[in-house]
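Read the structure below first, then the notes.
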Amino acid sequence: MKALVNPAPAPPGAPLQVQVQLTGVAGVDVPARIAPRLRAHLPEGVRDLPLTPAQVPPTQASSAPAAGAAPAAGAAAATPDTASFRATVLLPAPSPGAPPLSVRLDIVDDRGAVLGTTTYQPAEEPPPPPPRVIHEPPPPVLGAWVPHLSPSPVLDTLWLAPTLPDSASAGAAMTRTREGWIAQGHARVTGSLGPIGLDAALRTSATADPALGSSGWAGARARLLRLQDSTLEFAPSLRLGFPLDDTGPATRLEPSLAAAGALGRFSWLASAGMRFRLQDSAGPSAIPESHGFLLAGATFEPLHWLRLHGALDTHLLLPGESLRAGVALGAEAGSAIFGAASVRLGQSDDLDNGLFAAQLSLGIRTPPPRAPQPAPRAAQRHVTPGAPHSHPSP
1 MKALVNPAPA
11 PPGAPLQVQV
21 QLTGVAGVDV
31 PARIAPRLRA
41 HLPEGVRDLP
51 LTPAQVPPTQ
61 ASSAPAAGAA
71 PAAGAAAATP
81 DTASFRATVL
91 LPAPSPGAPP
101 LSVRLDIVDD
111 RGAVLGTTTY
121 QPAEEPPPPP
131 PRVIHEPPPP
141 VLGAWVPHLS
151 PSPVLDTLWL
161 APTLPDSASA
171 GAAMTRTREG
181 WIAQGHARVT
191 GSLGPIGLDA
201 ALRTSATADP
211 ALGSSGWAGA
221 RARLLRLQDS
231 TLEFAPSLRL
241 GFPLDDTGPA
251 TRLEPSLAAA
261 GALGRFSWLA
271 SAGMRFRLQD
281 SAGPSAIPES
291 HGFLLAGATF
301 EPLHWLRLHG
311 ALDTHLLLPG
321 ESLRAGVALG
331 AEAGSAIFGA
341 ASVRLGQSDD
351 LDNGLFAAQL
361 SLGIRTPPPR
371 APQPAPRAAQ
381 RHVTPGAPHS
391 HPSP
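Under full-length UniProt numbering, the first residue of the sequence shown is numbered 1, with each subsequent residue one higher.
What follows is the structure in structure tokens.
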């Protein structure tokens with residue numbers, strides 16, 4: 001006689017259902033003569049649990065010959081040789097940090113002899129999935145990467161956004177002054193760390209015109225507002241201009257405000273501020289004591305690698321209340337390495353100068369990544385696990 005013990009897997013916190021089958025018990029009154037019971041070795045101690053008779057499966061019942069039918073030749077008359085029982089075991093509730101549960105289950109008779117045994121270990125719960133990391137796309141770049149920088153030391157205000165892009169560039173500009181056509185080199189860098197943006201610009205002395213000396217600008221801005229998807233941004237800024245040689249323009253201070261927003265492939269940007277001269281200025285590079293300015297424009301990206309931009313600039317020179325205005329148009333093309341070209345049509349601070357200025361630049365940047373493209377749909381035949389495979393006829 002032996003016992004087969006079959007515990008059914010139980011979810012955490014649920015009772016354990018145990019199926020028991022005794023074999024070799026033909027003609028034996030099992031409950032009376034054997035009195036089997038389940039002995040569970042639990043973490044808190046050993047417990048003996050009663051076994052409840054279970055119904056005989058229909059397949060076993062149908063295996064016996066019908067009443068009055070003779071057994072097959074050479075075969076003994078079929079008699080029940082198995083007895084089925086069941087029991088319920090209450091498992092301890094799982095607790096964090098506890099060792100894995102292991103319960104030994106014995107079937108014993110009335111004298112304590114072990115008829116069968118097994119060990120139940122609940123399946124370990126799979127670890128929770130890692131938290132989903134949502135990678136938000138970087139905010140769009142507002143305005144131009146390299147806005148037009150006028151050769152004029154008075155009108156060289158920059159069309160800069162509340163959030164400065166990470167970019168560095170160098171190039172040259174040309175225009176016509178009273179001395180003739182001149183060229184002037186420049187280098188610029190912008191970047192942001194969170195809401196704080198920094199910018200710097202250096203410019204060489206112009207060829208053939210002593211009024212356009214070497215100078216530099218450095219500034220910082222703090223973004224105070226950014227709505228979702230950069231539909232609106234706002235930042236105040238403060239920049240300092242300084243001469244780099246004896247012919248450079250006087251030191252100046254430039255406080256300003258910038259507002260911008262993104263509209264799909266479009267962006268708009270407006271900036272207004274004042275410039276104040278901090279030291280005396282005389283000679284060919286003389287600049288006004290102060291002047292106010294307003295810059296406003298928009299950009300459009302017809303392709304992910306191409307950006308077009310245009311901006312209107314107006315300046316009120318003080319004292320004297322002289323008004324100057326112009327419009328700049330430009331294009332930027334490339335990826336991490338890019339080129340930029342722009343032209344400005346409008347007045348200079350000196351009305352004897354020409355109305356045209358052009359600029360070429362080459363730079364490096366950290367552009368926003370391209371939107372992921374959907375993978376091509378490949379023709380695949382999905383087969384359900386366990387389902388029969390169908391093969392084409394030859």
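Positions of the beta carbon are idealized from the N, C-alpha and C atoms, including for glycine.
Between residue 311 and residue 357, what straight-line distance do the alpha-carbon atoms span, to the nearest angstrom? Straight across, the Cα-Cα distance linking residue 311 with residue 357 is about 14 Å.
Reference residue 24, options 46, 6, 9, 82, closest by Cα: Ranking the options by Cα distance to residue 24, first place goes to 82.
Verify whether the separation of the beta carbon atoms of residue 107 and residue 3 is less than 7 Å. Their beta carbons are under 7 Å apart, which means residue 107 touches residue 3 by this criterion.
Pair within 7 Å by beta-carbon distance, residue 145 and residue 162: Contact flag unset, no.
Close Cβ partners of residue 236 (< 6 Å) along its chain, the five nearest in sequence each way excluded: Contacts found: 257.
Using the three-state DSSP reduction, which class does residue 53 fall into: helix, strand or coil? Correct three-state label for residue 53: strand.
Status (buried if at least 16 other CB within 10 Å, exposed otherwise) for residue 199: With 16 or more Cβ atoms within 10 Å of its Cβ, residue 199 is classed as buried.
Inspect the CB distances between the segment 266–285 and the segment 319–339 and report whether three or more fall short of 8 Å. In the pairwise beta carbon analysis, the segment 266–285 is classified as not touching the segment 319–339: fewer than three pairs are separated by under 8 Å.
Segment contact, 8 Å Cβ cut-off, at least three pairs: the segment 115–134 with the segment 164–179: No contact exists between the segment 115–134 and the segment 164–179.
With H, G and I counted as helix, E and B as strand and the rest as coil, what does DSSP make of residue 100? Residue state for residue 100 is assigned as coil, using DSSP reduced to three classes.
Here's the rule: buried if 16 or more other CB atoms are within 10 angstroms of the residue's CB, otherwise exposed. What is residue 266? Burial call: exposed.
Does DSSP put residue 32 in a helix, in a strand, or in coil? Residue 32: helix per DSSP, three-state reduction.
Between which residues of its own chain and residue 152 is the CB-CB distance below 7 Å, once the five residues before and five after are set aside? Sequence-distant partners of residue 152 (beyond 5 residues in either direction) whose C-beta falls short of 7 Å from its own C-beta, in its chain, are 348, 349.
Find out if the Cβ-Cβ distance for the pair residue 270, residue 259 is shorter than 7 Å. Yes, the pair counts as a contact, with Cβ atoms nearer than the cut-off.
On the CB-based measure, 16 or more other CB atoms within 10 Å of its CB, does residue 102 come out buried or exposed? Residue 102 sits exposed, since fewer than 16 C-beta atoms from the chains shown fall within 10 Å of its C-beta.
Just the C-alpha distance for residue 160 and residue 129, rounded to the nearest angstrom, thanks. Approximately 44 Å between the Cα atoms of the pair.
How close, in whole Å, do the beta carbons of residue 157 and residue 293 come, if the pair is a contact with beta carbons under 8 Å? With a Cβ gap of about 5 Å, residue 157 and residue 293 count as contacting.
Leaving aside the five residues before and after residue 139 along the sequence, list all residues of the same chain whose C-beta is less than 6 Å from its C-beta, in chain order. Cβ neighbours of residue 139 beyond the five flanking positions: 230.
Span separating the alpha-carbon of residue 121 from that of residue 36: Rounded to the nearest whole angstrom, the C-alpha separation of residue 121 and residue 36 is 23 Å.
Per the DSSP calculation, residue 84 is bridged to which residue(s)? Partner(s): 21.
Please confirm whether residue 206 and residue 184 have their CB atoms less than 7 Å apart. With contacts defined by Cβ atoms closer than 7 Å, residue 206 and residue 184 form a contacting pair.
Looking at the structure shown, is residue 215 part of a helix, part of a strand, or coil, going by DSSP? DSSP places residue 215 in strand when its eight states are reduced to three.
Short check: CB of residue 154 to CB of residue 168, under 7 Å? Between residue 154 and residue 168, the C-beta gap is not smaller than 7 Å, which leaves the two residues out of contact.
Assign residue 332 to buried or exposed, taking buried as 16 or more other Cβ atoms, counted over all protein chains shown, within 10 Å of its Cβ. With 16 or more Cβ atoms within 10 Å of its Cβ, residue 332 is classed as buried.
Which residues bound the beta strand (DSSP E) around residue 363? Element bounds for residue 363: 356–365.
Taking all protein chains shown into account, decide if residue 342 is buried (16 or more other Cβ within 10 angstroms of its Cβ) or exposed. Buried: at least 16 other Cβ atoms inside 10 Å.
Three-state secondary structure assigned by DSSP to residue 229: If DSSP states are grouped into helix, strand and coil, residue 229 belongs with the helices.
Note down, in chain order, each residue of its chain lying with its Cβ closer than 6 Å to the Cβ of residue 309, except the 5 sequence neighbours on either side. Excluding positions up to five away in sequence, the list reads 144, 299, 330.
Pick helix, strand or coil for residue 207, following the three-state DSSP scheme. DSSP places residue 207 in coil when its eight states are reduced to three.
Should residue 216 and residue 244 be called a contact, given that it needs their Cβ atoms to be closer than 7 Å? The Cβ-Cβ distance between residue 216 and residue 244 falls below 7 Å.
Chain-order list of residues whose beta-carbon lies under 8 Å from that of residue 395 (same chain, five-residue window excluded): The structure shown does not extend to residue 395, since the chain is modelled only from 1 to 394, so the question has no answer here.
Our contact map puts residue 15 next to residue 90 with C-beta atoms below 8 Å; I'd like the distance itself, whole angstroms only. Contact flag correct, Cβ pair sits at about 5 Å.
Measuring CB to CB, does residue 54 end up less than 7 Å from residue 86? Contact: yes.
Based on the DSSP secondary-structure assignment, which residues constitute the bridge partners of residue 159? Beta-bridge partners assigned by DSSP to residue 159: none are found.
Coil, strand or helix - residue 287 by DSSP: DSSP places residue 287 in coil when its eight states are reduced to three.
So if DSSP puts residue 174 in a beta bridge, which residue, or which two residues, is it bridged to? Answer is 183, 358, bridged to residue 174.
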